[in-house]
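Novice: Here this note's numbering is used: the first residue of the sequence shown is 76, the next is one more, and so on. The beta-carbon is built from N, C-alpha and C at its ideal position, and this holds for glycine as well. This one's a predicted model, so the numbers in the text were calculated from it and none came from an experiment.
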Amino acid sequence: PPGVDGPPTFGGSFAFANERGDELLALNELSEPSRFVRAVCDGGRTLRVKWRSKQERGAQDSGRQTARNFRNTAGDIFRLDGRVTEDEVCLIVDAGFLATRNLLALRRDESPCDTATRERLASARGREVSACWLKAVDRGDGRLVLVEFARQGTDLLASLGLLGPEGLAFHDYPARWDETQTSCWRVDDGCRLNPQALSMLFAYRTAAGRHGLTLAWGGPEGENLELIETDGATFRTLLDGYRYWAPP
76 PPGVDGPPTF GGSFAFANER GDELLALNEL SEPSRFVRAV CDGGRTLRVK WRSKQERGAQ
136 DSGRQTARNF RNTAGDIFRL DGRVTEDEVC LIVDAGFLAT RNLLALRRDE SPCDTATRER
196 LASARGREVS ACWLKAVDRG DGRLVLVEFA RQGTDLLASL GLLGPEGLAF HDYPARWDET
256 QTSCWRVDDG CRLNPQALSM LFAYRTAAGR HGLTLAWGGP EGENLELIET DGATFRTLLD
316 GYRYWAPP
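What follows is the structure in structure tokens.
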């Protein structure tokens, strides 16, 4: 029926661009790669793609999923109808993905949350807010925030919060604190959240009103990638990926 869609499912892949920006290499395993015909890239830019070949690991492979090592990394290669920037990450999808989702125009932001937002978040989770940053705002009243809640014993909690007229939805990143360690969420992060390290590639809304976010969280050693979609007051992960880029 109109306005109704089924449970979230996804079979695409994250992919990164070569040095010329005219090809993408998939990071996830793909079934029937030739059926994936679109790439959604930074800011929701959409380009046609065509599967070219499955590349085997090269003899000079450094183990890093970067443009510099593109020709030595194993995976499915797609030719872009257009160009993106070197090392840019895109999401490779089939035709049905865009047929059932509307990409959203968002204004990115990195400003601190206001007092009212901090109080709303603290009330919703029953936990004091240590730090909070606005990440994006849509044309309506929707806001995406990154929040670090106060430590409770050894429990650390960071969350992405989607605040809108319909309510709140959270995607949690729990961690454990230990005074002897220097890494909690990412390698060598000093157990402090770095808001600049987490970015949103694009966002969408489904016919049934679910919101989706595509996220990249970079660190010294590599980049975590996620496609998440709201499921009530939480997010469900539809796809995750990782690429290693630490220098030798």
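For G316, report the span of its beta strand (DSSP E) as first-last.
Specialist: T309 to Y319
Novice: Hey, G159 and C188: beta-carbon distance below 7 Å or not?
Specialist: The sequence shown places Val at residue 159, not Gly. No, the pair does not count as a contact, with Cβ atoms beyond the cut-off.
Novice: Please look up how many angstroms separate the CB atoms of R325 and R113, rounded, as I've assumed it's under 8 Å.
Specialist: The structure shown has nothing for residue 325, since the chain only spans 76 to 323.
Novice: Are the CB atoms of F91 and V168 within a distance shorter than 7 Å?
Specialist: no
Novice: Which residues share a DSSP beta bridge with G293?
Specialist: Per the DSSP secondary-structure output, G293 pairs in a beta bridge with E298.
Novice: Rounded to whole angstroms, what is the Cα-Cα separation between W320 and L314?
Specialist: 20 Å
Novice: Alpha carbons only, please: which of W208, Q271, S109 and C259 is nearest the one belonging to Y248?
Specialist: If we check each option's Cα against that of Y248, C259 comes out closest.
Novice: For E94, count neighbouring C-beta atoms within 10 Å of its own C-beta (all shown protein chains included) and say buried if the count is 16 or more, exposed if not.
Specialist: Counting Cβ neighbours within 10 Å, E94 comes out exposed, since fewer than 16 surround it.
Novice: Report the residue from E223, T305 and K125 whose alpha carbon sits nearest the alpha carbon of A170.
Specialist: K125
Novice: Could you give the residue range of the beta strand (DSSP E) that holds E163?
Specialist: Here E163 belongs to no beta strand (DSSP E), and DSSP marks it neither H nor E.
Novice: Which residues does DSSP pair with E223 in a beta bridge?
Specialist: A206 and A233
Novice: Quick one: complete beta strand (DSSP E) runs, 3+ long, within the region 118-192?
Specialist: 121-130, 150-155, 164-169, 176-178 and 181-183
Novice: Here's a check: name, in chain order, each residue in its chain whose Cβ is nearer than 8 Å to the Cβ of E203, leaving out the five neighbours to either side.
Specialist: A197, F224 and A225
Novice: What is the DSSP secondary structure of P77, reduced to helix, strand or coil?
Specialist: Low confidence applies to P77: its pLDDT is 35, below 50, so where it sits in the model is not reliable enough to give any reading.
Novice: Pull up the CB-CB distance for L231 and C266, whole angstroms please, since I reckon it's below 8 Å.
Specialist: 7 Å
Novice: Could you tell me which residues DSSP pairs with F73 in its beta bridges?
Specialist: Any question about residue 73 goes unanswered here, given that the chain covers just 76 to 323.
Novice: Spatial neighbours of R285 within its chain, please: CB distance less than 6 Å, with the 5 preceding and 5 following residues excluded, ordered by chain position.
Specialist: In the same chain as R285, and ignoring 5 residues on each side of it, the C-beta atoms closer than 6 Å to its own belong to E304 and T305, in chain order.
Novice: What does the Cβ neighbour count give for T141, buried or exposed, with the cut at 16 atoms within 10 Å?
Specialist: With at least 16 other beta carbons inside 10 angstroms of its own, T141 counts as buried.
Novice: Give me, in chain order, the residues of the same chain whose beta-carbon lies closer than 7 Å to that of F310; leave out the 5 immediate sequence neighbours on both sides.
Specialist: A244, H246, I303 and E304
Novice: In angstroms, rounded to a whole number, what distance separates the CA positions of T312 and L288?
Specialist: Straight-line Cα distance between these residues: approximately 10 Å.
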